[in-house]
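2 protein chains.
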Amino acid sequence: MSDAVVGWAGEAGAMMPEVVRQTAWRRDDVRERLAELVADLPDGARLPAERDLADTLLVSRTTVRQATQELVAVGRLARRHGSGTYVCGPKVTFLLEPGVRGTVVGPPEAVLKSCRVRHSSVPAVVTGQLRVPKGVGVLEVGRSWLVGDVPLCVESSYLLDRDSVVVSINGAPEGARSVDTAVEHRAATAAEADELLVRAGTPVFAVNRRYYDDTDNTVSVAVLVCRADRCSLLLRSALPR
Amino acid sequence: MSDAVVGWAGEAGAMMPEVVRQTAWRRDDVRERLAELVADLPDGARLPAERDLADTLLVSRTTVRQATQELVAVGRLARRHGSGTYVCGPKVTFLLEPGVRGTVVGPPEAVLKSCRVRHSSVPAVVTGQLRVPKGVGVLEVGRSWLVGDVPLCVESSYLLDRDSVVVSINGAPEGARSVDTAVEHRAATAAEADELLVRAGTPVFAVNRRYYDDTDNTVSVAVLVCRADRCSLLLRSALPR
DNA sequence: CAGTGGTCTAGACCACCAC
DNA sequence: TGGTGGTCTAGACCACTGT
């Protein structure tokens, strides 16, 4: 760290009387500088290397990483190990209409999805939510969405076996009259991190949808987990008249 | 710290080898250990000091901080400068019913809110969304929710002056027939960070609500920003019959 | 005043990528 | 093989809290 930089607290302060100490952390300064820099760059542009940024901005590489990490967390930047740090494109919007379990709208347009249906034992997440009568199985509908090769969203729906699978994929389950949609911000479990190709502990959107019938019984439960740094959610609702 | 082929991707004998990292980062190890420790502690319990944890777990304090930071980000822990690191209680749930702009439900119960109404110039966030006829003013309804002394959520609604303020606070604006609710995960702006008493760059939930009338004109726009580490969102929707 | 979290550094080594 | 991001360290100093 050079003595040419003044106005920071710390090592320079030993040499000269500290004048005004504003709460101006270097990390915040670097983040704002990078945000301005990124604003002028096209999607996909590569940033200078962290070591170069550190030299240019007269801070340590650690500080550069802390600053970029904050932009990575909210999807403004993406790092590629061994390659570089890049400006991110717009987020993928997931449209969660009341009668549909999950729909992807652009941009970007290149979205594929896989879908699998199987009989399932009742997982922990469903316990206590979906009241399963004895002798009635549970269907699990698993789906995942990808942009290019990057998985962004995985979903597991659980519904009573009496429901039609076709209905369950394309619309609300039989008999459903209302749905609660809970959105939470939490750390990815090891399994989710594995599916989404992120580190365990990465913040994700957890969307829990619970369908009710006329008598407020839960007829289906769906859990949707998507990368909070790459996705936004959109819900459309009609207003009561 | 080496890679190993430990499984096969896909189902039913897909022949793509799946490379799984066998790495065991100290940070992940520490985070998991702390998560287990926290699971056995009551809300509000204080963790050992970072320096003590570093000594106990045989890692540097930096690594302890990285691990705890991941638990702080998702609301499992909260740090208090000069005091300690504490186990967090459950998140506050914001109930976003279609006809109501914002409602807080427990827990915890101690929620106060402030409300202010004023004539406003059209802010940037509304430009292009709320089509304001010439000579018609805009009303801004600002509200904030607090738990104890901690502000968790700030909201700004913008609506045409012809609408009733009372209606705007307690229900959907006059003439609204449907609403889009967009949920995004982004960094707090400096102003938002100031209101929410967090560092700028802290991840927040940004909830953008847009009300439409019968002819799909936008009659009101509301922006709700809340701390993603302390809040979850709940939306209730009726299903079309 | 002691203890605690908050920030920052300089350097080390590893893992991955592209040439 | 050189450049890049990913992790980790030991230590320093600052800012805040509570006794």
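So the sequence lines, in the order shown, correspond to chains U and B.
Take numbering that gives the first Met the number 0: the last position of the first sequence gets the number 240, and nothing is skipped along the way.
Take numbering that gives the first Met the number 0: the last position of the second sequence gets the number 240, and nothing is skipped along the way.
For every residue, glycine included, the Cβ atom is placed at its ideal position computed from N, Cα and C.
Bear in mind the structure is a predicted one, so any value in this text is a computation, not a measurement.
Where does residue i land, buried or exposed, given buried means 16+ other C-beta within 10 angstroms?
i: PRO150/B; result: buried
i: CYS230/B; result: buried
i: GLY81/U; result: exposed
i: ASP2/B; result: Its pLDDT being 31, under 50, ASP2/B is placed unreliably in this model, and the coordinates cannot settle the point.
i: ARG226/B; result: buried
i: LEU70/U; result: buried
i: ASP228/U; result: buried
i: THR283/B; result: As shown, chain B starts at 0 and ends at 240. That puts residue 283/B outside it, with no answer to give.
i: LEU238/B; result: buried
i: ARG79/U; result: exposed
i: PRO172/U; result: buried
i: ALA23/U; result: exposed
i: THR67/B; result: buried
i: THR61/B; result: exposed
i: LEU223/B; result: buried
i: LEU138/B; result: buried
i: ARG115/U; result: exposed
i: ARG50/U; result: exposed
i: GLN21/U; result: Any reading at GLN21/U is ruled out, since the residue's pLDDT is 49, under 50, leaving its predicted position unreliable.
i: GLY9/U; result: Residue confidence is low: GLY9/U scores 30 on pLDDT, short of 50, so the model does not pin down where it sits. Its coordinate-derived value is still stated next. With fewer than 16 Cβ atoms within 10 Å of its Cβ, GLY9/U is classed as exposed.
i: ARG209/B; result: buried
i: SER163/U; result: Residue confidence is low: SER163/U scores 49 on pLDDT, short of 50, so the model does not pin down where it sits. No coordinate-derived value is stated.
Using beta-carbon positions only, say whether residue i and residue j come within less than 8 Å of one another.
i: GLU177/B; j: VAL178/U; result: For the record, residue 177/B in the displayed sequence is Ser; it is not Glu. Not in contact: SER177/B and VAL178/U (Cβ atoms no closer than 8 Å).
i: LEU232/B; j: ALA181/U; result: yes
i: HIS184/B; j: VAL73/U; result: yes
i: ALA221/U; j: SER143/U; result: no
i: GLU191/B; j: VAL153/B; result: yes
i: LEU76/U; j: VAL37/U; result: yes
i: ARG26/B; j: GLN65/B; result: yes
i: ALA187/B; j: VAL203/B; result: yes
i: LEU234/U; j: LEU234/B; result: yes
Contact check, residue i vs residue j under 8 Å by CB: the rounded distance?
i: THR84/B; j: ARG45/B; result: 7 Å
i: LEU40/B; j: VAL86/B; result: 5 Å
i: GLY88/B; j: GLY43/B; result: 7 Å
How about residue i: is its Cβ closer than 7 Å to a heavy atom in the ligand MN?
i: TYR211/U; result: Absence of the ligand MN from the depicted structure is noted, as is the absence of any ligand whatsoever, leaving it without description.
Whole runs of the alpha helix (DSSP H) within the segment 26-80 of chain U, excluding any shorter than 4 residues: 49-56, 60-72
Those runs of the alpha helix (DSSP H) which lie wholly inside the segment 170-219 of chain U and span at least 4 residues: 189-195
Do three or more CB pairs link the segment 191-198 of chain B to the segment 208-228 of chain U at distances below 8 Å? no
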